[in-house]
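For the protein sequence lines, the chains are D and G, in the order given. Just so you know, my numbering puts 20 at position 20 of the first sequence, and the rest follows in order with no gaps. Going from the second sequence to my numbering is simple: count from 1 and add 1000. For every residue, glycine included, the Cβ atom is placed at its ideal position computed from N, Cα and C.
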Amino acid sequence: MSAQRNPGAAAVERYGWPRAHRWLLMRRASQLLILGLFLLGPVAGVWLVKGNLASSLTLDWLPLSDPYVLVQSLFAGHVAAGTALLGALIVLAVYAAVGGRVYCAWVCPVNAVTDGAHWLRSRLGLQKGWQPKRNTRLWLLGATLAVSLATGTIAWEFVNPVSMVFRGLVFGMGLAWAVVAAVFLFDLVVSRRGWCGHICPVGAFYGLVGSASLLRVRADRRAACDDCMDCFAVCPEPQVLTPALKGARHGRGPVILSPDCSNCGRCIDVCSQEVFRFGTRFDNRTWSDLPEPEQRKGRNAASAPGVGT
Amino acid sequence: MPDQKSVNRRRFLAGTARTACGVGLAGLLLALYAGSARSRPATALRAPGALPEDAFLGACVRCGLCVRDCPYDTLRLATLGEPVALGTPYFVAREVPCEMCEDIPCVKACPTGALDPGLTDIDDARMGVAVLVDHETCLNYLGLRCDVCYRVCPVFGKAITLERLHNPRTGRHALFIPTVHSDHCTGCGKCERSCVLEEAAIKVLPRKVALGELGHHYQLGWEEKAKRGESLVPGLIDLPDRLPEVRP
Ligand code: SF4
Ligand code: SF4
Ligand code: SF4
Ligand code: SF4
Chain D
1 MSAQRNPGAA AVERYGWPRA HRWLLMRRAS QLLILGLFLL GPVAGVWLVK
51 GNLASSLTLD WLPLSDPYVL VQSLFAGHVA AGTALLGALI VLAVYAAVGG
101 RVYCAWVCPV NAVTDGAHWL RSRLGLQKGW QPKRNTRLWL LGATLAVSLA
151 TGTIAWEFVN PVSMVFRGLV FGMGLAWAVV AAVFLFDLVV SRRGWCGHIC
201 PVGAFYGLVG SASLLRVRAD RRAACDDCMD CFAVCPEPQV LTPALKGARH
251 GRGPVILSPD CSNCGRCIDV CSQEVFRFGT RFDNRTWSDL PEPEQRKGRN
301 AASAPGVGT
Chain G
1001 MPDQKSVNRR RFLAGTARTA CGVGLAGLLL ALYAGSARSR PATALRAPGA
1051 LPEDAFLGAC VRCGLCVRDC PYDTLRLATL GEPVALGTPY FVAREVPCEM
1101 CEDIPCVKAC PTGALDPGLT DIDDARMGVA VLVDHETCLN YLGLRCDVCY
1151 RVCPVFGKAI TLERLHNPRT GRHALFIPTV HSDHCTGCGK CERSCVLEEA
1201 AIKVLPRKVA LGELGHHYQL GWEEKAKRGE SLVPGLIDLP DRLPEVRP
């Protein structure tokens, strides 16, 4: 077992730091790229993308809109014009295919904040603190729609840290830094993985959108798992791992089917046994179903030196 | 064991109730906050074609596309801490007024219809209405010929006219009073922007704040008379007026 304070050490030792962080690095690159594209206009005067995550226009022809905001708008009694609806449909189609919470892991600006808080929290060895139920965010999602209906406003946008931060970065922060700090502190001292994992209704919405998504993380080589628990330590939604990783006995998995999984790929990164990979939701084979050569490849990898230390 | 099951069920129900209560409370707070955040200072004006404020807050997604396409950087998105609904676009006439672009790029940019695409003639925009709020400092009221607001008005000669009054101070000059006509004023704010005083004497206010509204059952006698072509009360005897006695 590797130390929980430093999950992924075995993978780093075995594959080197860059490879043991490649999905993390790619995620940060994706988050920065998206923010960068939006900033290119106001900062450098190159207007490839205009607007913000709520609604944007790319290269003057591709509209993209946040379907969650538009659903609230609908509850508030406004049927959005065609451009926004088209933009929302495109966004829905993409996330329905690649996984709704890809938004959380690959796009959302708050992800870096809460990841940072989690990193510091595990460095400091803090207890997990207050843990509201994971489905609190679904309840809150319902509540935002109810409040939108009752007040005739896009209710969550009055307080949504996600849009505050992103809009702030692109259009001017104002006091939005305070909100960033609040989310960071909440995750650091009040509740482990509190914001993204339990509260945020945006993530809950996108989770629902992607509940039948094609792209999934699969624990195809779960037979090679050496129970180091590193994936459980890094996964922001560890409850999604168990059925896929440990479900063989019950004939479940190896695909991580829970819509809570954000396709962040950290489990792939930290696993020294290469248990996980990206794949589709179909083809729910287990390792023992794989053809003989692939099995052998897997076993060789599993018995390579330096493992299980 | 049935006992264990019922304990589990009870625990589940208690947990669910707790979540529901917590979220219900959060929802209530959110509703209260959304209610209070609806108010807007009179200096914050919405872009041309903006739906009435209540509908606007349910329609505008705060994307800022209108802001980006405004060639004069008139519009901006409210940041946290400003007294305007968070993230919504607005402008302050005294700082940067709306230049009333003929092609109305802000409306065209709006993806949601929060800025009504039905607005095709910028002269029909109603962002607010100018009011000569201060009769004590307006230079024209003091008997000078400033006329700046009158002259910069893009709806020239219609939205502001100069109405002539007797100047009681000198006894022999005229006052040219800038007079706004709400059926032509777009609320662009050019007049407020260019008022030469330290603090503008003419200000653009939201129409809801500035304009009165007649009782819906009111009928203006002279209009009705003109419509009918005769007096509404036929056979009314016109008694001679009693003039005051003039002492020699
Ligand atoms: S299961 Fe893996 S990809 Fe999914 S959220 Fe957890 S660490 Fe990320
Ligand atoms: S009409 Fe022109 S100046 Fe006025 S807000 Fe729209 S884009 Fe800006
Ligand atoms: S373009 Fe429309 S939806 Fe976007 S901020 Fe402006 S008014 Fe709101
Ligand atoms: S706001 Fe002032 S300048 Fe603009 S139309 Fe009205 S009177 Fe004219």
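**OP:** Kindly give me the distance between the Cβ atoms of D:A105 and D:R19, rounded to whole angstroms, as I take these residues to be in contact under 8 Å.
**Re:** Stepping through the first sequence from its first residue, residue 105 of chain D is reached at position 105. Stepping through the first sequence from its first residue, residue 19 of chain D is reached at position 19. About 19 Å; that fails the 8 Å criterion.
Subject >> D:S148 versus D:A76: straight-line alpha-carbon distance, rounded >> reply: For the purposes of this step, residue 148 of chain D is taken as residue 148 along the first sequence, with counting starting at 1. For the purposes of this step, residue 76 of chain D is taken as residue 76 along the first sequence, with counting starting at 1. Roughly 5 Å separates the two Cα atoms.
Original post:
Which two residues bound the contiguous alpha helix (DSSP H) that contains D:L124?
Top reply: Looking up residue 124 of chain D in the first sequence gives position 124. In the DSSP annotation of this structure, the continuous segment of the alpha helix (DSSP H) that includes D:L124 starts and ends at 110-124.
Original post:
How about G:V1133: is its Cβ closer than 6 Å to a heavy atom in ligand 4?
Top reply: Position 133 of the second sequence, counting from 1, holds the residue named residue 1133 of chain G. G:V1133 Cβ: outside cutoff for every heavy atom of ligand 4.
Original post:
Closer than 6 Å: is that where the CB of G:G1058 sits relative to any heavy atom of ligand 3?
Top reply: The residue given as residue 1058 of chain G occupies position 58 in the second sequence. For ligand 3, not one heavy atom lies less than 6 Å from the Cβ of G:G1058.
**OP:** Determine the burial state of G:T1170: buried for a count of at least 16 other Cβ atoms within 10 Å of its Cβ, exposed for fewer.
**Re:** Taking the second sequence and counting its residues from 1, the one referred to as residue 1170 of chain G is at position 170. By the neighbour-count criterion, in which a residue is buried when 16 or more other Cβ atoms sit within 10 angstroms of its Cβ, G:T1170 is exposed.
**OP:** Tell me whether D:F282 is buried or exposed, calling it buried when 16 or more other Cβ atoms sit within 10 Å of its Cβ.
**Re:** Counted from its first residue, the first sequence places residue 282 of chain D at position 282. Exposed, by the Cβ-count rule.
**OP:** Return the chain-ordered ranges of every alpha helix (DSSP H) run that is complete within the region 1113-1177 of chain G and spans a minimum of 4 residues.
**Re:** Qualifying alpha helix (DSSP H) stretches, in chain order: 1148-1152.
Original post:
By the criterion of Cβ-Cβ separation under 9 Å, what are the contact partners of G:T1079 in chain D?
Top reply: As a first step, residue 1079 of chain G must be located in the second sequence, where it is residue number 79. Simply M164, R167, G168, F171, G172, M173, G174, L175, A176.
Original post:
Who are the neighbours of G:P1117 on chain D, taking C-beta pairs under 8 Å?
Top reply: Here the question's residue 1117 of chain G lines up with position 117 in the second sequence. Under a criterion of Cβ atoms nearer than 8 Å, the residues of chain D adjacent to G:P1117 are, in order, A81.
Original post:
For D:G207, does the count of other Cβ atoms within 10 angstroms reach 16, so buried, or fall short, so exposed?
Top reply: Counting from 1 along the first sequence, the entry for residue 207 of chain D is found at position 207. By the 10 Å Cβ count, D:G207 comes out buried.
Original post:
Is the region 1076-1093 of chain G touching the region 70-84 of chain D, taking contact as three or more C-beta pairs under 8 Å?
Top reply: Not touching, per the Cβ criterion.
Subject >> Separation of D:R192 from D:G125, as counted between CA atoms >> reply: What you label residue 125 of chain D is simply residue 125 of the first sequence in a count that begins at 1. What you label residue 192 of chain D is simply residue 192 of the first sequence in a count that begins at 1. It is roughly 11 Å from the alpha-carbon of D:G125 to the alpha-carbon of D:R192.
Original post:
Alpha carbon to alpha carbon, what distance is there between D:A224 and D:R218?
Top reply: Working through the first sequence from its first residue, we reach residue 218 of chain D at position 218. Working through the first sequence from its first residue, we reach residue 224 of chain D at position 224. Rounded to whole angstroms, D:R218 to D:A224 spans 13 Å at the Cα level.
Original post:
In chain D, what lies closer than 7 Å to G:E1223 by C-beta?
Top reply: To locate residue 1223 of chain G, count along the second sequence from 1; it is residue 223. Those within 7 Å of G:E1223 in chain D number zero; the least Cβ separation is about 37 Å.
Subject >> Closer than 8 Å at the beta carbon, the chain D residues around G:Y1090 >> reply: For this step, residue 1090 of chain G is matched to residue 90 along the second sequence. Those within 8 Å of G:Y1090 in chain D number zero; the least Cβ separation is about 13 Å.
Original post:
If you follow the beta strand (DSSP E) that D:R216 is part of, which residue opens it and which one closes it?
Top reply: Indexing the first sequence from 1 puts residue 216 of chain D at position 216. From DSSP, the beta strand (DSSP E) with D:R216 extends over 215-218.
Original post:
Shorter than 7 Å from the beta carbon of G:M1001 to some beta carbon of chain D?
Top reply: The residue labelled residue 1001 of chain G in the question sits at position 1 within the second sequence. Interpretation of G:M1001 is limited by its pLDDT of 48, a score under 50 that renders its predicted location unreliable; the figure taken from the coordinates is listed afterwards. With a threshold of 7 Å between beta carbons, G:M1001 makes no contact with chain D.
Subject >> Top-ranked residue by Cα proximity to G:C1146, from G:R1009, G:E1223, G:I1202 >> reply: Translated into positions along the second sequence, residue 1146 of chain G becomes position 146. For the set G:R1009, G:E1223, G:I1202, the Cα lying nearest the Cα of G:C1146 is the one of G:I1202.
Subject >> Length-filtered (4 minimum) alpha helix (DSSP H) runs lying within the region 1041-1082 of chain G >> reply: List check, alpha helix (DSSP H) in window: 1053-1059, 1065-1069.
**OP:** Could you have a look at D:L98 and say whether DSSP puts it in helix, strand or coil?
**Re:** On the first sequence, position 98 is the one that residue 98 of chain D refers to. Checking the sequence, you will find Val at residue 98 of chain D rather than Leu. D:V98: helix per DSSP, three-state reduction.
Original post:
Span of the beta strand (DSSP E) holding D:V49?
Top reply: Working through the first sequence from its first residue, we reach residue 49 of chain D at position 49. Membership of D:V49 in the beta strand (DSSP E) is indicated by the continuous run 49-52.
Original post:
Between which two residues does the alpha helix (DSSP H) harbouring D:R134 extend?
Top reply: Stepping through the first sequence from its first residue, residue 134 of chain D is reached at position 134. It is not in any alpha helix (DSSP H) - D:R134 carries neither H nor E in the DSSP assignment.
**OP:** Kindly indicate if chain G contains any beta-carbon less than 7 Å away from that of D:T58.
**Re:** Here residue 58 of chain D refers to the residue found at position 58 of the first sequence. It does not; no Cβ of chain G falls within 7 Å.
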